[in-house]
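Numbering (the working numbering), first residue to last: 25 to 585. No residue lacks a Cβ here, since even glycine has one placed at the ideal position from N, Cα and C. To keep things clear, I will list the structure first and then write my remarks on it.
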């Protein structure tokens, strides 16, 4: 839950430089392409920005003075190195003038002040409602007619990557850009269509593709199709009570409702002794065993994970040995358990625990677990809180056939986390319905504390039709599709280990959200586990002794029409 393999990863290629020279930019396979839109002063403002085709986001430029932010958008697009992806972006200028379009790449630090070089190819840019010159990069001797270069280049298409249109395409990254001027008219919507893809870094080694769709991981994935998180209990530090307590009756209800597995968050690290053994106390095993055994006795499968290990995510290098020691002990303890008990190595890695950092750590942890659990199913997930967009950077051991990949999704976030006290002022607004738009516009008593991009989101929520609304299945369906594409390509099963809506949303909206999200995952044939059973995102009302109204039908009822 968010509180907001082999050797070094082939996705990050270290570049060594001589002492005293500026650090070079290490190369990384991009998962995100970026472009910026910036209006000149006569235009005053561009508004109504939205992504009509493709997976990504439009946000205001929060690094600029607030008074200037209405003049621009930064657009992040989810890309892959495997194929071109098509995107359609729309915005409306307030007055006649010019908007600068800058093609670049993701901003991501490899170390303080040093960005990853994540290169992007661009092609076949076309506009409606504005004028763009040479969107296919075919004009002029160097293909850059109409484009200004700050290190970005236009190149002949390679045999391995053909152009979408013509024989050339552009190559950029964050520090080497290409820009062009769009001539726009006031109040006339501008639609920008384009294609983008990630560049495979030199020396990049593709993760092995698995063609067999009946590996141990695929067989196991069929046993983890409809699950629920047993939350707010064992992930809490000793001495803290987060309000949820579980008895055998909970597992009776879970099984009866139709779930086939539970996901068990555990803060194992809280119970570890000093180095070098990091011995886990019997107390945590006793508590975890009760939940695991209660589930197994009722025919439920179990995912035992390591949750909220913030010490590790803040400094993985300093805590790797503790991480290994915890999993050696947990693996040994459950070595004799049936095949219905699986391990999930780390919940929502983030911060310093980047995907590139975690790849070799995952590989070594799996190797150590295999000494006591050669057949155990293991779940791992990418960084940035298990975001789907990080899948391109995830590297699994090529010879490992029993690993399932875990991703999480809480979009649309301002709906799912409305009223959540722990996620900051941007989620204080309640009354957001799913799907949007509402029958009457939602007008908060004050928007002063809201970030500009949240005010934009609310405007779109209030005004856009359901098929374009940010508070609709449009918020998560592209991520499900992207996860399925990755899974199908590499032959690695994917499990959505968390999605859910906080209880401050109205019951009908919660039910609609769960139903449509569940339907998207069912169509993709992907397993899932909702967050959570009976805490703040609850399925079960403990006081009433029954499911929250609408939840049973949403998750186990008929397909939504």
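From the DSSP output, which residues share a beta bridge with residue i?
i           : result
residue 173 : 202
residue 97  : 61
residue 117 : 70
residue 552 : 250, 520
residue 367 : 328, 402
residue 178 : 194
residue 126 : 60, 203
residue 341 : Answer is none; residue 341 lacks a bridge partner.
residue 638 : With the chain represented from 25 up to 585, any question about residue 638 goes unanswered, as that position is not in the structure.
residue 139 : 133
residue 208 : 121, 154
Could you have a look at residue i and say whether DSSP puts it in helix, strand or coil?
i           : result
residue 150 : strand
residue 194 : strand
residue 475 : coil
residue 145 : strand
residue 45  : Reliability fails at residue 45, whose pLDDT of 43 lies under 50, so the model's placement of it is uncertain and the value that follows must be treated cautiously. It is coil, neither helix nor strand.
residue 467 : coil
residue 107 : coil
residue 561 : coil
residue 574 : coil
residue 269 : coil
residue 361 : coil
residue 36  : Low per-residue confidence applies at residue 36: pLDDT is 37, beneath 50, and the placement is therefore not dependable enough to give any value.
residue 188 : coil
residue 157 : coil
residue 75  : strand
residue 52  : strand
Considering Cα atoms alone, identify which of the options is closest to residue i.
i           : options            : result
residue 325 : 236, 91, 286, 370  : 286
residue 258 : 544, 127, 311, 358 : 311
residue 253 : 568, 395, 520      : 520
residue 232 : 421, 581, 565      : 421
residue 531 : 229, 455, 362      : 455
residue 249 : 568, 561, 564, 553 : 553
residue 92  : 357, 417, 61, 169  : 61
residue 270 : 155, 486, 318, 193 : 318
residue 431 : 315, 516, 150, 121 : 516
residue 410 : 368, 389, 387, 396 : 368
residue 306 : 59, 354, 524, 158  : 354
residue 347 : 537, 373, 322, 366 : 373
residue 460 : 117, 447, 481      : 481
residue 399 : 211, 101, 362      : 362
residue 349 : 391, 364, 321, 56  : 391
residue 381 : 395, 485, 414, 137 : 414
residue 119 : 474, 134, 211, 545 : 211
residue 512 : 76, 535, 52, 237   : 237
Which residues bound the alpha helix (DSSP H) around residue i?
i           : result
residue 379 : 379-394
residue 428 : Looking at the DSSP string, residue 428 is not in any alpha helix (DSSP H); the run it does join, the beta strand (DSSP E), is 427-432.
residue 237 : Run containing residue 237: none; DSSP gives neither H nor E here.
residue 541 : 531-547
residue 437 : 437-440
Tell me which residue opens and which closes the beta strand (DSSP E) that residue i is part of.
i           : result
residue 82  : 80-83
residue 500 : It is not in any beta strand (DSSP E) - residue 500 carries neither H nor E in the DSSP assignment.
residue 219 : 214-222
residue 133 : 133-135
residue 288 : 285-290
Exercise. Below 8 angstroms, can you find three or more Cβ-Cβ pairs linking the region 97-109 to the region 216-223?
Worked result: yes
Exercise. Between the region 236-244 and the region 410-430, are three or more C-beta pairs nearer than 8 angstroms?
Worked result: yes
For this session: Count the CB pairs spanning the region 332-346 and the region 288-295 that are closer than 8 angstroms, and state whether there are at least three.
Result: yes
Exercise. Quick check: the region 78-89 against the region 170-183, are there 3 or more CB pairs under 8 angstroms?
Worked result: no
Exercise. Counting Cβ pairs closer than 8 angstroms, one from the region 547-564 and one from the region 463-477, do we hit at least three?
Worked result: no
Exercise. Are three or more beta carbon pairs between the region 66-73 and the region 115-128 nearer than 8 angstroms?
Worked result: yes
For this session: Tell me, please, whether the region 491-508 touches the region 532-544 by the rule of three or more beta-carbon pairs shorter than 8 angstroms.
Result: yes
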